[in-house]
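Using this note's numbering, the first residue of the sequence shown is number 1216, and each one after it goes up by one. A short worksheet on the structure shown next.
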Amino acid sequence: MQTAQRIIVNYQRKRFLVSAIVALVTLSLTLGIRFISQRSLNQERIHEAATQAVSTLDKILLPLEDGREEIIRLVGLPCDEAQPLIRKKTAVLQTVRSIALVKSGILYCSSIFGTRDTPVNQLQPALPASEARLLLSTDQSLLKGSPIMLQWYPVSADGEDGVMESINIELLSSLILSPRAPLISALSLTLGDRHYIEGLGVVDRLPEDPDHPFYRLASAHFPFTINVSTPGATALALRDLPSQLPLALILSSLLAWIAWLATAGRMSFTWEINLGIAAREFEVFCQPILNTRNNECTGVEILLRWNNPRQGWISPDVFIPIAEDHNLIIPLTRYVIAETVRNLAVFPAEFHIGINVAASHLRRGILLKDLNHYWFSAHPSQQLVVELTERAALDDVDYRLVRELHHKGVKLAIDDFGTGNSSLSWLEKLRPDVLKIDKSFTGAIGTDAVNSTVTDIIIALGQRLRIELVAEGVETEQQATYLRQNNVLLLQGYLYARPMPLAELPKWLAERSSPPAQHDRHPNPIMPLR
Ligand code: C2E
Ligand code: CA
Ligand code: CA
């Protein structure tokens, strides 16, 4: 059973490995998918924040643009006439702090101060200009030094006449540039080569932070750009990942569990046996049984061999008990019967053919149905012997079926007699034709082990009940002599022949019958010895 356990442990290991791989793949896939979707969500949100800031500022600047014609017309009017009009305009455009009219480079009228006479470039060095301009600057008149946004509209072709509107950027910044942690750490506004940062005011250089690169979005209507300072969609998605771990772990454990259950059938030794039957990997061997009275071979025992292409030779002592435990012994026995019938030609007429049958096969008439289907339908001249092993409990054997088998001429042998959970009452119930003395008792002959006494008792029992005795596992001449002297005449063992493929039996039989008859004591092993 050592080997059976090793094989089963191997299958368990494989299942465990498959489940672990499933868990790992699920875990990395779940986390990977969560990471990718979170990253694109972050990207979307960053873009959205920038778009919102751009469109808010666009919305503030557009009314100025729309009302500009009205104000432009005022340039050149005397300040007394123009001031009430531009003051009213300032009040309507809430974001505008002041409007000033410029003629020949001189700011001559202000919505706040009325008539003035100041060269405009003294206040704002970038003005006057021949093209419309939007620029960041600092207030030089009312709230000196406070950051402002200036909108310049030229009126004359040389740019010396025009309108200057001051926009209170500080008031607007909380509306436009409020960051949303943790996605966005800061928002800033760039106009030309100057930048406005809330709290810092107008600066010439944007402070660069390698951990918080800028995402920039320009307005389609005005020459400004909004800069979004963010840890980045990737870094944020990575930071989020640990919070996804519990769900990913639950999912991967669930799938690993499903994989463990799903592989129970496929990655098991029983599945391998099923596959072996379907792929006809099993081979039927036979081992001669000799009648020592006339030294003639009177029959064989059919024994299964499995040369598994994935595992090599597997001993019947390994796969038969597993097949018995997992309801596979019946299909396996059907296979043996069918193969034996297919090769009936290799056996002489009247030959005894022993087939090992598990007790479970004798329930509910199953064996009889199978024999009708495979054996009796072939009308063989050979004698069938059903060797009943004691491994499984014989309690629920269908005794009617046993009687029916006897009636049909099938002989019943009790295998491995004296071992396992045998009970003398079965001899009464089953009325076997043959008792097979287990090789452990044959091996005890000539020794002073307790088993050697049991051998004598089994022999005496068989002879008293007139049940034919077959000794298996005969390996030495001494054992053979002892058995012969005690009237056990049917012997099976390596002393005469090892189990061989069915196709080799005719040659073996022919060699035995051709004089001088010699035992082949040292044949080449056909499969590795157990
Ligand atoms: P078993 O029915 O008692 O079969 C006899 C076993 O003893 C065979 O082992 C055979 O190779 C081995 N043997 C024969 N002569 C000698 C000998 O001189 N010395 C020793 N040490 N061993 C000898 P095998 O073929 O490995 O089968 C082991 C067991 O597996 C069988 O024991 C039988 O119970 C089971 N088995 C084999 N084939 C079948 C089958 O077709 N159906 C069922 N149900 N069981 C099978
Ligand atoms: Ca047997
Ligand atoms: Ca046996």
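Note that CB positions come from ideal geometry on N, CA and C, so glycine has one too. Note that this is a predicted model, so its numbers are computed, not measured.
Give a yes or no on whether the C-beta atoms belonging to G1320 and E1380 are separated by under 8 Å. No, they are not a contact pair.
Is the closest heavy atom of ligand 2 to the C-beta of D1648 under 7 Å? No, the Cβ of D1648 stays beyond 7 Å of every heavy atom of ligand 2.
What first and last residue would you give for the alpha helix (DSSP H) that runs through N1587? Here the alpha helix (DSSP H) through N1587 covers I1581 to Y1589.
Given that a residue counts as buried once 16 or more other Cβ atoms are within 10 Å of its Cβ, and exposed if not, what is G1407? Answer is exposed; the Cβ neighbour count stays below 16.
When DSSP builds the beta bridges, which residues end up paired with W1528? Paired residues: N1522.
Closer than 7 Å: is that where the CB of D1585 sits relative to any heavy atom of ligand 3? The nearest non-hydrogen atom of ligand 3 is 7 Å or more from the C-beta of D1585.
Taking I1287 and V1378 to be in contact with their CB atoms under 8 Å, please state how far apart those CB atoms are, rounded to whole angstroms. Taking 8 Å as the upper bound for CB-CB distance, I1287 and V1378 are in contact here, some 6 Å apart.
Helix, strand or coil, according to DSSP, for T1634 in the structure here? Here T1634 sits in coil by DSSP.
Taking the alpha carbon of A1264 as the reference point, which residue from L1242, E1539, P1394 and A1235 has its own alpha carbon closest? Checking every option, the nearest Cα to that of A1264 belongs to P1394.
Can you find a heavy atom of ligand 1 that lies under 7 Å from the Cβ of E1719? No - ligand 1 has no heavy atom lying nearer than 7 Å to the Cβ of E1719.
Using 8 Å as the Cβ pair cut-off and three pairs as the minimum, do the segment 1525 to 1541 and the segment 1499 to 1516 touch? Segments in contact, no.
To the nearest angstrom, report how far apart A1474 and T1485 are at their CA atoms. Computed Cα separation, rounded: 18 Å.
Tell me the DSSP secondary structure of E1683 in three-state form. Under the three-state reduction of DSSP output, E1683 falls in the strand class.
Inter-residue spacing [alpha-carbon to alpha-carbon] between H1622 and R1525: Going by the C-alpha atoms only, they are around 44 Å apart.
Starting from the N-terminal end, write out each residue whose C-beta falls within a distance shorter than 6 Å of any non-hydrogen atom of ligand 3. Residues with a Cβ closer than 6 Å to any heavy atom of ligand 3, in chain order: D1630, D1631, K1651, D1653 and E1687.
When the Cα of D1426 is compared with those of P1438, P1446 and K1303, which residue comes out closest? Proximity to D1426 across P1438, P1446 and K1303 peaks at P1446, based on C-alpha coordinates.
Backbone CA spacing between L1289 and Q1267 [nearest angstrom]: If you take the alpha carbons of L1289 and Q1267, they lie about 34 Å apart.
Could you please give me the residues that DSSP links to K1626 through a beta bridge? BP columns for K1626 point to V1600.
Using 8 Å for Cβ pairs, my map puts P1343 next to V1317. What's the rounded Cβ distance? Contact between P1343 and V1317 holds, with the beta-carbon distance rounding to 6 Å and staying under 8 Å.
Taking the straight line between their C-alpha atoms, what separation do you get for Q1700 and V1617? Taking the straight line joining both Cα atoms gives about 32 Å.
From M1715 to K1644, what does the alpha carbon distance come to, in whole angstroms? For M1715 and K1644, the distance between alpha carbons rounds to 34 Å.
Rounded to whole angstroms, what is the Cα-Cα separation between Y1430 and A1235? Rounded to the nearest angstrom, the two C-alpha atoms are 42 Å apart.
Could you pull out every residue in the same chain whose Cβ sits closer than 7 Å to the Cβ of S1655, ignoring the five residues on either side in sequence? Cβ contact annotation for S1655 (same chain, cutoff 7 Å, sequence separation greater than five): T1634 and N1666, in chain order.
G1569 versus T1555, E1516 and A1675, residue with shortest Cα-Cα distance: Ranking T1555, E1516 and A1675 by Cα distance to G1569 puts E1516 first.
Compare the beta carbon distance of L1603 and V1572 with 8 Å and say whether it is the shorter of the two. Going by beta carbons, L1603 and V1572 fall inside the 8 Å limit.
Contact check, E1687 vs D1653, beta carbons under 8 Å: Cβ atoms of E1687 and D1653: closer than 8 Å.
How would you call L1518, buried or exposed, if buried means at least 16 neighbouring beta carbons within 10 angstroms? The residue in question, L1518, is buried, as its Cβ has 16 or more Cβ neighbours within 10 Å.
So, is Q1597 buried or exposed, given that buried needs 16 or more other C-beta atoms within 10 angstroms? Buried.
Considering only the beta carbon of each residue, do L1599 and V1625 sit closer than 8 Å? Between L1599 and V1625, the C-beta gap is smaller than 8 Å, which places the two residues in contact.
Does the distance between the C-beta of E1602 and the nearest non-hydrogen atom of ligand 2 fall short of 7 Å? Checking every heavy atom of ligand 2 against the Cβ of E1602, one is found closer than 7 Å.
Taking only heavy atoms of ligand 1 into account, decide whether any of them is closer than 7 Å to the Cβ of P1714. Yes; taking the cut-off as 7 Å, the Cβ of P1714 has a heavy atom of ligand 1 nearer than that.
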